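> Have a look at this one.
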Amino acid sequence: DSGVTQTPKHLITATGQRVTLRCSPRSGDLSVYWYQQSLDQGLQFLIQYYNGEERAKGNILERFSAQQFPDLHSELNLSSLELGDSALYFCASSVGGEANEKLFFGSGTQLSVL
Amino acid sequence: AQTVTQSQPEMSVQEAETVTLSCTYDTSESDYYLFWYKQPPSRQMILVIRQEAYKQQNATENRFSVNFQKAAKSFSLKISDSQLGDAAMYFCAYRWRGTASKLTFGTGTRLQVTL
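Those protein sequences? They're chains F and B, same order as listed.
Residue numbers 1 to 114, in my numbering, belong to the letters of the first sequence in order.
Residue numbers 1 to 115, in my numbering, belong to the letters of the second sequence in order.
Shown next, in the form of structure tokens:
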């Protein structure tokens with residue numbers, strides 16, 4: 001158990017809908033990362049937050065947004081969903097967000113867009 | 001942009017034998033970190049080993065070791081005395097030392113361990 005909790009584990013929805021994925025980092029970790037894993041694009045970095053502030057941004061679509069709350073949990077919002085958004089979405093956390101830090105990954109949320 | 005390439009989509013090894021997974025990367029930076037992550041069927045990503053680019057000594061973690069060739073931009077993972085529990089997807093990853101850097105993954109190598 002990594003200590004990172006992601007909910008829900010599975011999500012099935014329809015095109016055009018909006019969903020929210022939730023992540024609780026390990027106790028004491030200030031940095032949260034979101035990754036998308038799909039068969040065609042592999043593991044893609046979406047966004048990183050550190051203590052409530054956005055720190056780094058990757059290939060995150062404009063239809064996607066995220067935030068980190070004062071209690072350090074994070075949410076990833078996906079809107080106007082398309083079939084191609086079907087993927088495994090990972091959240092990870094680390095202590096301070098430095099490059100050498102070990103990332104602890106959650107078990108992911110499997111999103112299926114029908 | 002940094003890229004990470006894993007040219008072996010699948011590898012197979014017999015239990016107790018040794019296997020090497022390949023990884024190459026492309027970067028113009030000199031100070032960075034390299035990682036190998038394991039993703040078993042449970043889907044959870046687990047850090048196997050980490051290498052700092054400014055350290056010439058290859059990292060080792062029990063049965064796992066790396067061969068880091070900075071000039072060649074190569075970072076292979078050697079698994080000794082392979083066990084059934086080593087069966088998983090293995091991802092090589094790169095992260096520049098600077099602030100706001102991202103962890104970039106390769107496409108992965110699926111390792112099968114046979115009896």
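The beta carbon of each residue, even a glycine, is placed where N, CA and C say it ideally should be.
These numbers were taken from a predicted model, which means no experiment stands behind them.
(1) Please look up how many angstroms separate the CB atoms of F:L30 and F:G106, rounded, as I've assumed it's under 8 Å.
(2) With distances taken from CA atoms, which of B:S12, B:E15 and B:D26 is nearest B:T3?
(3) Can you determine whether any heavy atom of the ligand SAM sits closer than 6 Å to the C-beta of F:T109, and answer yes or no?
(4) Under 7 Å between the Cβ atoms of F:F45 and B:K102?
(5) Report the three-state DSSP secondary structure of F:G84 (helix, strand or coil).
(6) On the DSSP bridge list, what partners appear for F:H73?
(7) Shorter than 7 Å from the beta carbon of F:S107 to some beta carbon of chain B?
(8) Where does F:P25 land, buried or exposed, given buried means 16+ other C-beta within 10 angstroms?
(9) Could you compute how far the alpha carbon of B:P9 sits from the alpha carbon of B:Y37?
(10) So F:V4 is in the beta strand (DSSP E); what residue range does that whole segment cover?
(11) Closest to F:D40 by CA distance: which of B:S28, B:L115 and B:G108 is it?
(12) For a contact meaning CB atoms closer than 9 Å, what does B:W36 contact in chain F?
(13) I want to see whether chain B comes within less than 7 Å of F:N100, judged by CB atoms only; does it?
(14) So B:L111 and B:E15 are in contact, right, with Cβ under 8 Å, and what is the actual spacing, rounded?
(15) Check the C-beta distance from B:I49 over to B:F64 and give it rounded, since I have them as a contact under 8 Å.
(16) Alpha carbon to alpha carbon, how far is F:E82 from F:Q37?
Taking the structure as given:
(1) In fact, because the Cβ distance is near 16 Å, the residues do not count as touching under 8 Å.
(2) The residue among B:S12, B:E15 and B:D26 with its C-alpha nearest the C-alpha of B:T3 is B:D26.
(3) In the structure shown, the ligand SAM is absent, as is every other ligand, since no ligand is present at all.
(4) With contacts defined as CB atoms closer than 7 Å, F:F45 and B:K102 qualify as a contacting pair.
(5) Of the three classes helix, strand and coil, the one that applies to F:G84 here is helix, per DSSP.
(6) Looking at the DSSP output, F:H73 shares a beta bridge with no other residue.
(7) Chain B contact via Cβ: present.
(8) Classified as buried, F:P25 has 16 or more neighbouring CB atoms from the shown chains inside 10 Å of its CB.
(9) Here the alpha carbons of B:Y37 and B:P9 stand approximately 15 Å from one another.
(10) Premise fails: F:V4 is in no beta strand (DSSP E) and is neither H nor E.
(11) That would be B:G108, whose Cα lies nearest to the Cα of F:D40.
(12) Those do not exist, as B:W36 stays about 12 Å from chain F at its closest Cβ, beyond 9 Å.
(13) Answer yes: the Cβ-Cβ gap between F:N100 and chain B drops below 7 Å somewhere.
(14) Taking the Cβ atoms as the reference, B:L111 lies roughly 12 Å from B:E15, outside the contact range of under 8 Å.
(15) Contact between B:I49 and B:F64 holds: their C-beta atoms lie close to 5 Å from each other, under 8 Å.
(16) Straight-line Cα distance between these residues: approximately 15 Å.
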